[in-house]
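As structure tokens, the structure follows; a few thoughts come after it.
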């Protein structure tokens, strides 16, 4: 009999930046599932939230399972944090990275 797939998603790193009265909240997430063979491959996702200073969410975006390499995931995360990438720009920054 087969076991159901077990999925786990954890926050690996979280950063906040402040600019012009807004809060930029970035998360690097790791997601992995265990299959019947008990094999798991971590995948990394990124999330960006733009909040008002009182904590109310203005908008957010997440790109799921974009990296299997920890090194590439952390490099991309550092890039979006350093450049204050907004949720609207997240997809475009990721696409630009793929064309390099």
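Numbering (the numbering used here), first residue to last: 3 to 102. Idealized CB from N, CA, C, for every residue including glycine. None of these values were measured; they are calculated from a predicted model.
What are the boundary residues of the alpha helix (DSSP H) that residue i is part of?
i, result
"residue 51", "Looking at the DSSP string, residue 51 is not in any alpha helix (DSSP H); the run it does join, the beta strand (DSSP E), is 45-54."
"residue 98", "92-101"
"residue 104", "Only positions 3 to 102 of the chain appear in this structure, which leaves residue 104 out of reach."
"residue 83", "72-84"
Could you please give the first and the last residue of the uninterrupted beta strand (DSSP E) stretch that includes residue i?
i, result
"residue 67", "59-69"
Considering only the beta carbon of each residue, do residue i and residue j sit closer than 9 Å?
i, j, result
"residue 45", "residue 66", "yes"
"residue 49", "residue 20", "no"
"residue 26", "residue 15", "no"
Skipping 5 residues on each side, what residues in its chain have a beta carbon closer than 6 Å to that of residue i?
i, result
"residue 3", "Model confidence at residue 3 stands at a pLDDT of 39, short of 50, so the residue's coordinates are unreliable and nothing is read from them."
Please list, in chain order, all residues of the same chain as residue i whose beta carbon is under 7 Å from its beta carbon, the five residues on each side excluded.
i, result
"residue 60", "52, 53 and 54"
"residue 47", "31, 33, 64, 65, 66, 67 and 68"
Is it buried or exposed, residue i, if we count other Cβ atoms within 10 angstroms and call 16 or more buried?
i, result
"residue 77", "exposed"
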